[in-house]
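Participant: Structure in structure tokens, see below.
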Amino acid sequence: MSQKKKIVLVGNGMAGINTIEHMLKLAPNKFDMTVFGSEPYPNYNRIMLSSVLAGDSTVDDIVMNPYEWYEKHGITLYTGQTVTNIDTTKQTVTSDQGVQVPYDELILATGSNPFMLPLPGADKEGVIAFRNIQDCQTMIDASKKYKKAVVIGGGLLGLEAARGFINLGMQVDVVHICDHLMERQLDPTASKMLQEALEEQGMNFLLNKESAEILGEERVTGLSFRDGTSTEADLVVMAVGIRPNVELAQTSGIEVDRGIVVNDVLETNQPHVFAVGECAQHRETVYGLVAPLYEQSAVLAKRLADVETEPYEGSVVDTKLKVSGVDVFSGGEFIDTDETKAIRVHDEFSGIYKKVLIKDNQVVGTVLFGDTKEGSRIMKLVRDQVEVSQQDMNALLTGSQGNNSTAPTGLGTEHMDNADIICGCNGVSKGDICQAIQEQGLSTVEEVKNVTKASRSCGGCRPLVSEILEHTLGDQYTGSEGKEPICACTDYSHEEVVEAIREKQLTYVKEVMNVLEWKNEEGCSKCRPALNYYLGVVDPVAYSDDHTSRFVNERMHANIQKDGTYSVVPRIYGGVTTPEDLKKIAEVALKYEIPTVKLTGGQRIDLLGVQKENLTEVWEDLGMRSGHAYGKALRTVKTCVGDTYCRFGTADAMGMGIRMEKRFEGLNTPHKVKMSVSGCPRNCAESGIKDLGVVAIDGGWELYVGGNGGVKIRVGDLLATVKTEDELIEYAEAFLQYYRETARYLERTAQWVERMGLEHVQAVIEDDEQRQALCQRMVTALSVHSDPWQKAIEDKQVQKDLYEVIDAKA
Amino acid sequence: MSVTNEQPYLIEIGPVDELPQNTGKTVRVQGYEVALFKLSNGDVRAIENRCPHKGGVLAEGIVSGEYVFCPMHDQKISLSSGHVQPPDTGCVTTYPVVITDHKIYIDSRPLSKEVCE
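Heads up: the sequence lines are chains A and B, in that order.
Just so you know, the numbering used here puts 911 at position 609 of the first sequence, and the rest follows in order with no gaps.
Just so you know, the numbering used here puts 62 at position 54 of the second sequence, and the rest follows in order with no gaps.
In structure tokens form, the structure reads like this:
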């Protein structure tokens, strides 16, 4: 009987768990593993903490390996326990709670601790670091009670923390000892641009300031500086650096310098004891970034699994700032010297700055601001010490707009090693991706994302993934921008499917899947809603909607919430309501004990927390029409008060908004559609960021299209200027119908206008014949609309099938 | 009725004809929520009505063959094994379904114990 090798990992963070993951892949069932973690969580992605603080993710979202993962692999996990002793002779570790575990091989991945400045008053309440989930939570909690935060440190972490505070609605000062930000990653030009961009977001910078004392009684009230000045603070976050956590190693007789000293296979001076990640010091260097940590763990895993490996020889690091609205990348050498020459692009109008430093025809480093997508590619050249011509470099900096992946030869992913990490967020290597492509026959970035998790978090590596696909598949690669299949169930693109529906006169979802030989007989959650939509657009009168192919919100005609309750938004045309309706809404909220009543971003009232089985009764009692707040449909027409009340108004914005909302109510569209009407160029209804925004001008109306205030903000383009209300409706109809007919399902007008080109859309809409034809088809589409809430109230079968909850007696 | 007398762990849900096809139905049993599905081929499946990821209500997911797509974050879950499909992980409790005299019964025994590995 073969005895399993006992592996003990101290530190439940990214470096340690990544090592374990590799080992499980290399030699499954060969190890008996135990993991100790001081934090009370399973393994999570520390890099994404700033995104939790920014409110973009929750703690659950950043968990990389849930408890089930440990169970599934038979790993014993002790969370909330700190290992306090290692006996390297007996080969055991002991925790602060007295748990003792023997090991054959021990991995130390104790990470690092934030460095706290030893300022007077640093022990006051409200002085914290930004390092773990607990810190993150403290900051979020503080934002509910306090107004003013001060972040000490204008480096990467400090700026991410500061951005988080702004998202939390706090004022924030960033205190920095140098005169420019991120001085260890950026040159003065990029740094200045960064500062300006962040100031625009509301950050206040106190540069050249050395902190002297933290003020306050029990809790912090301010921070004073050596120059005699001071600033108020309800919370002080120190983000001035990290220190390898070496205490355990030190007390256990393992050699420690700044970090735990390791050799090229990550071995310490004690036999059977290894160290990896931020706690380790390799060839005099301690790393505090994710890429080197993954490179180390790959080597260590192979070493422990007895798989042959190249030694770890150190990493060339790069840095990316994760702050919304600001793209910064830097790596390698970034300050010009006598020995370097630089290729520079500096566009002060677009806020783009790119610099690549070259020494003896080799790229040695880069700083990118505003457009960072070539970052990984340039760093690859740095790491591989590739000789490049100036032509190559110019192409690299200026040649690529958008996502094309026509990289100059010699600069692409084909030169990467299989062990090179492509996706830093999820630790996916080039080899993982190639293997998945070959073994599972993947052909699109979406598929690679689903199988390997690469590009699933921040998405920064998407161009690289696309390039790997291209190289791996060769001629079979159809390109991610050109022809993209609807989903993994088919090779047909959206356009081809619509064409087939028209040509072959297909009339229901299953038929489309049959005739076009879907690989997955019953389709999936991506293609079925798309097919249902296309069928409805091609023949709105004959097609009967397939509610089983609808996303829950559109099937139930209410928004599902995370706890399984629903939210109900009644239609309030143009955002104009009456005291009677308000009263009715209030009475319904009371009667059904609806916990939250909220105004939506589109000027409507949202009743949140309605039980599924109460939905139809709520609708019946409201006696209003559905606001379609859940639909790929017209959502709302936001309005200002216009000339009815406003002293600046030039037109009846409310009246026009109501007319438009009544006109397009319930229209199925490829994605949600938001509109607005502003009564004068002051544009109080924010018409520049709507799918269709209308602005009244003296003697007419301007129509703006393709605007978006969502994830990717886009200012709408002026489509046309018209004179009368009737013309306005006509143009809006034609525009919407053209969008309905030619957009891919789930493509917002913003992306669609960019793909089609504004001039093309304008040409179609301004052509009298085409415009009339589009309007005609729109009239047909609108003719079949009926209010879904009313239908549910009247149809007992619908109530039973969709809204009933069965109470089964045991 | 004879069924439940002989097999006390079977819980009667209702007539199989009344179950809509390819749309989940929420059933409350002993304080648990079960999602009931009638597939395209007529088979009936019962699984726990919470996804292991964020507690999504699976009864409201899009049903495709033997799978349901969680309405919260689109994870794909097998209705027969309860396993969440890769790259996501996790497992949902499944309940055996018995159909006798056109009536659906759920085997309640897994209610009291976790059947996921």
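In this text, a Cβ means the ideal position worked out from N, Cα and C, and glycines have one as well.
1) Rounded to whole angstroms, what is the Cα-Cα separation between A:T1010 and A:G981?
2) If we ignore side chains and look at the alpha-carbon of each, how far apart do A:G944 and A:W1054 end up?
3) List, in order along the chain, the chain A residues whose C-beta lies closer than 8 angstroms to that of B:R36?
4) Taking 6 angstroms as the limit between beta carbons, can you name the residues of its chain near A:N347, skipping five residues before and five after?
5) Return the CA-CA distance between A:S1085 and A:P842, expressed in angstroms with no decimal places.
6) Can you tell which of A:L351, A:V354, A:I349 and A:V395 has its C-alpha closest to the C-alpha of A:I309?
7) Just to check my reading of the structure: A:G466 and A:S359 have Cβ atoms closer than 8 angstroms, yes? What is that Cβ distance to the nearest angstrom?
8) Mind checking if A:R830 is an interface residue toward chain B, Cβ cutoff 9 angstroms exclusive?
9) Find the residues of chain A that neighbour B:G98, judging by a C-beta separation of less than 8 angstroms, and give them in chain order.
10) Would you mind working out which of A:L326, A:Q913 and A:F338 sits nearest A:K893, comparing C-alpha positions?
11) Does the region 420-436 of chain A touch the region 510-523 of chain A, meaning 3 or more C-beta pairs lie closer than 8 angstroms?
12) Where does A:M418 fall in DSSP's three states?
13) Below 6 angstroms CB to CB, which residues in the same chain sit around A:C736 once its five sequence neighbours on both sides are set aside?
14) Between which two residues does the alpha helix (DSSP H) containing A:Q552 stretch?
15) Taking the alpha helix (DSSP H) that A:R288 belongs to, which residues open and close that run?
16) What residues of chain A sit near B:V65, judged by a beta carbon separation below 8 angstroms?
17) Do A:E676 and A:K661 have their C-beta atoms closer together than 9 angstroms?
18) Helix or strand or just coil, what does DSSP make of A:W820?
19) Express the C-alpha separation of A:A411 and A:T809 in angstroms, rounding to a whole number.
20) Assess, as a yes-or-no matter, whether the region 305-321 of chain A is touched by the region 575-591 of chain A under the definition of 3 or more beta carbon pairs within less than 8 angstroms.
21) By Cβ distance, which residues of its chain are closer than 7 angstroms to A:W820, with the 5 residues on each side in sequence left out?
22) Counting only C-beta atoms, is A:H324 closer than 9 angstroms to chain B at any point?
23) With distance defined between alpha-carbon atoms, name the residue in A:V548, A:T491 and A:M505 nearest to A:V474.
24) What residue does the alpha helix (DSSP H) around A:K751 start on, and which one ends it?
25) Which class does A:V665 belong to by DSSP, given the choice of helix, strand or coil?
26) Do A:I435 and A:V312 have their C-beta atoms closer together than 9 angstroms?
27) Starting from the Cα of A:I907, find the closest Cα among A:L924, A:T918 and A:E915 and give me that residue.
28) Compute the Euclidean distance between the alpha carbons of B:S89 and B:L47, then round it to the nearest angstrom.
29) What is the DSSP secondary structure of A:R433, reduced to helix, strand or coil?
30) Any idea what DSSP makes of A:T336, helix, strand or coil?
31) Would you verify that the beta carbon of B:K111 is, or is not, closer than 9 angstroms to some beta carbon of chain A?
32) Relative to the alpha-carbon of A:M1128, which residue among A:L461, A:G471 and A:L818 has its alpha-carbon at the smallest distance?
33) Quick one: using the 10 Å Cβ neighbour count with 16 as the cut-off for buried, is A:V747 buried or exposed?
34) So what does DSSP say about A:M495, is it helix, strand or coil?
35) Span of the alpha helix (DSSP H) holding A:R804?
36) Along chain A, in chain order, which residues have C-beta atoms closer than 7 angstroms to that of B:D82?
Facilitator: The structure says:
1) The question names Thr, yet the displayed sequence has Asn at residue 1010 of chain A. A:N1010 and A:G981: Cα-Cα distance of roughly 20 angstroms.
2) 30 angstroms
3) V1107, I1108, D1109 and A1110
4) I364 and M366
5) 9 angstroms
6) A:V395
7) Wrong, their Cβ atoms sit about 11 angstroms apart, outside the cutoff.
8) yes
9) P368 and E370
10) A:Q913
11) yes
12) coil
13) T774
14) E549 to T553
15) Outside the shown range of chain A, which is 303 to 1112, sits residue 288 of chain A, and nothing can be said about it.
16) I862 and G866
17) no
18) coil
19) 59 angstroms
20) yes
21) C791 and T792
22) no
23) A:M505
24) V747 to T754
25) strand
26) no
27) A:L924
28) 15 angstroms
29) coil
30) strand
31) no
32) Residue 1128 of chain A falls outside the range modelled here, since chain A spans only 303 to 1112, and no answer is possible.
33) buried
34) helix
35) H796 to K806
36) S827
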